[in-house]
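Q:
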Amino acid sequence: MKKRTSARRRAPIDYALFGAAMALLFIGVVMVYSASAIYAEKSLGRPLYFFQRQLIWAVVSIFAMGAMSRLDYNRLREWVMPIFAVTCLTLAAALFFPSVAGAKRWIRLGPIGLQPAEFAKLTSILFLAAYLDKKHSKLGGFLQGIALPIAVVGVMLVLIGMEPDLGTPALMFTVAVLMLFVAGARVKALFGALALAAPIVAEELWRKPYRRARLLSFLHPFENIKGAGYQLSQSILAVGSGGWTGKGFGASKLKLLYLPTPHTDFIFPVVCEELGLLGAAAILALYATILIRGIRIARAAPNLFGTLLASGICFSIVLQAFFNIAMSIGLLPTKGIPLPFFSYGGSSLLSTMIGVGVLLNISRQTRAESLK
């Protein structure tokens, strides 16, 4: 009995994961200052406006991460349905608030703006982890193993799509498929689900004129450099101009109003221009650390719920980073997906750090030998 207890003793937190997350958070806040200062000065007369707000959200997010790292992740099972209901209500409520840049994605509470779709990512992961753990023996059947969990998550995807937003639902659907694969769902059934989703995505891409323009500009970014291809072409030029070591902190030309809001979804080109290929590679290495440590935590989790929860959070953070970076260098069509830890926005930062906190909690409840 003594040996069994020691084998499952509470491990210290995963310091590699913690260090990577904190490093990305620190660099991200600094880069928000660099990318936003000129825009904030020109538009608001306050160069520190976005930096100060991001710094406040960073402090709040650190406390949230700490709280989640101490909360037993198994207790989250009890709150799955209430969390799901609140998430759906807030997603629906956002549709009744005034639109910002043509999209109804935010709930305004005085000076604070919350983006429910960012928290819906965590909600979908939590629901799938709890459902697939409970119904693990049913994964062989298409209805209960694939169709039902995808349909439940699909409620949130539809609400987010109505904002309109296509990037976040695509990310959430991809993470859901990966979680189903980790849980042991049949590969043929997963390909069937992907085949059913493909026409929907294609129709959504072609139905909206601005999405068609983005798709065409992705295929030929420099053909309409003053029109639909302007944003992507400027981004690609900025990435290439950074060279190996970059132009130096604060020396980016892209942020000199060549892009309307360089501190949001297109902050990575600013990073590349100022820090160069070596700086960008270091940031990618930090994301790779989160991926590697997250997978190890998932493999060493004491139960299937922990494995699926850790996998989903890890996949969500890293895939979101991949989508954003690929978008900004022309490997994927441009879409409004923030870069985790970097893009300006409190909701994105808070939800990411909450996810890191859950990962740290799972790492503390694994066999210490498994994480070496």
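Residues 39 to 410 in our numbering are what the sequence shown spells out, letter by letter. Where is the CB? At the ideal position from N, CA and C, for every residue including glycine.
Taking the alpha carbon of I330 as the reference point, which residue from L342, I188, S349 has its own alpha carbon closest?
A: Position 292 of the sequence shown, counting from 1, holds the residue named residue 330. With distances taken between Cα atoms, I330 lies closest to S349.
Q: Which value, in whole angstroms, describes the spacing of the CA atoms of I305 and V97?
A: Taking the first residue of the sequence shown as 1, we reach residue 305 at position 267. Taking the first residue of the sequence shown as 1, we reach residue 97 at position 59. One C-alpha to the other measures close to 21 Å.
Q: Spell out the partners DSSP gives V138 in its beta bridges.
A: By one-based count along the sequence shown, residue 138 stands at place 100. In DSSP, V138 forms a bridge with A141.
Q: Tell me whether G281 sits in a helix, a strand or coil according to DSSP, three-state version.
A: Numbered from 1 along the sequence shown, position 243 holds the residue referred to as residue 281. Note: G281 maps to coil in three-state DSSP.
Q: Does DSSP put I150 in a helix, a strand or coil?
A: In the sequence shown, residue 150 corresponds to position 112, counting from 1. The answer is strand: DSSP assigns I150 an E or B state.
Q: L409 to A319, Cα distance in whole Å?
A: For the purposes of this step, residue 409 is taken as residue 371 along the sequence shown, with counting starting at 1. For the purposes of this step, residue 319 is taken as residue 281 along the sequence shown, with counting starting at 1. With a pLDDT of 48 at L409, under the threshold of 50, the predicted position of this residue should be treated as unreliable, though the coordinate-derived value follows. Near 25 Å, if we compare the C-alpha coordinates of A319 and L409.
Q: Contact check, A214 vs I188 under 8 Å by CB: the rounded distance?
A: Locating residue 214 in the sequence shown gives position 176, where the first residue counts as 1. Locating residue 188 in the sequence shown gives position 150, where the first residue counts as 1. Confirmed, about 6 Å.
Q: So is I355 buried or exposed if we call it buried at 16+ other beta carbons inside 10 Å?
A: Position 317 of the sequence shown, counting from 1, holds the residue named residue 355. Classification for I355: buried.
Q: Compute the Euclidean distance between the alpha carbons of L292 and V68, then round it to the nearest angstrom.
A: The count along the sequence shown starts at 1 and reaches residue 292 at position 254. The count along the sequence shown starts at 1 and reaches residue 68 at position 30. Whole-angstrom Cα-Cα distance: 17 Å.
Q: Determine the direct distance from the alpha carbon of R113 to that of L369, and round the result to whole angstroms.
A: For the purposes of this step, residue 369 is taken as residue 331 along the sequence shown, with counting starting at 1. For the purposes of this step, residue 113 is taken as residue 75 along the sequence shown, with counting starting at 1. If I take the Cα positions, the gap works out to 40 Å.
Q: How would you write the range of the alpha helix (DSSP H) that S349 sits in, first residue to last?
A: As a working note, residue 349 is residue 311 in the sequence shown. Segment 342-366, the alpha helix (DSSP H) holding S349.
Q: From L228 to A235, what distance separates their C-alpha atoms?
A: Locating residue 228 in the sequence shown gives position 190, where the first residue counts as 1. Locating residue 235 in the sequence shown gives position 197, where the first residue counts as 1. When rounded, the distance between both Cα atoms is 11 Å.
Q: Could you name each continuous beta strand (DSSP E) segment of 3 residues or more that falls completely within the segment 277-339, going from the start of the chain to the end?
A: Listed in chain order, there is nothing to give.
Q: Could you check which residue in W95, F64, I392 has the C-alpha nearest to that of G383?
A: Translated into the one-based positions of the sequence shown, residue 383 becomes position 345. Of the listed residues, the one whose Cα sits closest to G383 is W95.
Q: For the segment 373-389 and the segment 81-95, state whether three or more C-beta atom pairs, one from each stretch, are separated by less than 8 Å.
A: Short answer: they touch.
Q: Can you list, in chain order, the residues of its chain whose CB lies under 6 Å from that of G403, leaving out five sequence neighbours each side?
A: Numbered from its first residue, the sequence shown carries residue 403 at position 365. For the record, residue 403 in the displayed sequence is Gln; it is not Gly. Within the same chain, Q403 has close Cβ partners P340.
Q: Restricting to Cα atoms, I'd like to know which of Y169, S401, R108 is closest to A223.
A: Here residue 223 corresponds to residue number 185 of the sequence shown, with the count starting at 1. Checked all of Y169, S401, R108; the closest Cα to A223 is Y169.
Q: Between the C-alpha atoms of P378 and V138, what's the straight-line distance to the nearest angstrom?
A: Within the sequence shown, the letter at position 340 stands for residue 378. Within the sequence shown, the letter at position 100 stands for residue 138. Rounded to the nearest angstrom, the two C-alpha atoms are 21 Å apart.
Q: Assign F211 to one of three DSSP states: helix, strand, or coil.
A: The sequence position of residue 211 within the sequence shown is 173, counting from 1. If DSSP states are grouped into helix, strand and coil, F211 belongs with the helices.
Q: With a threshold of 8 Å, are at least 3 pairs of Cβ atoms found where one atom belongs to the segment 389-402 and the other to the segment 98-106?
A: Enough Cβ pairs lie closer than 8 Å, so yes.
Q: Does I51 come out as helix, strand or coil in the three-state DSSP assignment?
A: Counting from 1 along the sequence shown, the entry for residue 51 is found at position 13. Coil, per DSSP.
Q: With distance defined between alpha-carbon atoms, name the residue in K373, Q272, T283, G278 nearest to L294.
A: The residue you call residue 294 lines up with position 256 of the sequence shown. Of the listed residues, the one whose Cα sits closest to L294 is Q272.
Q: Helix or strand or just coil, what does DSSP make of I375?
A: Along the sequence shown, read from residue 1 onward, the residue named residue 375 stands at position 337. Three-state result, I375: coil.
Q: Among the residues of its own chain, which have a CB less than 6 Å from the CB of I321, if the five just before and after it don't count?
A: On the sequence shown, residue 321 is found 283 positions in, with the first residue counted as 1. Cβ within range, chain order: n/a, list empty.
Q: Write down the C-beta distance between G284 and G314 rounded to the nearest angstrom, noting that I regard them as a contact closer than 8 Å.
A: What you label residue 284 is simply residue 246 of the sequence shown in a count that begins at 1. What you label residue 314 is simply residue 276 of the sequence shown in a count that begins at 1. 3 Å between Cβ atoms; contact.
Q: With DSSP as the reference, label T206 as helix, strand or coil.
A: The residue you call residue 206 lines up with position 168 of the sequence shown. Helix.
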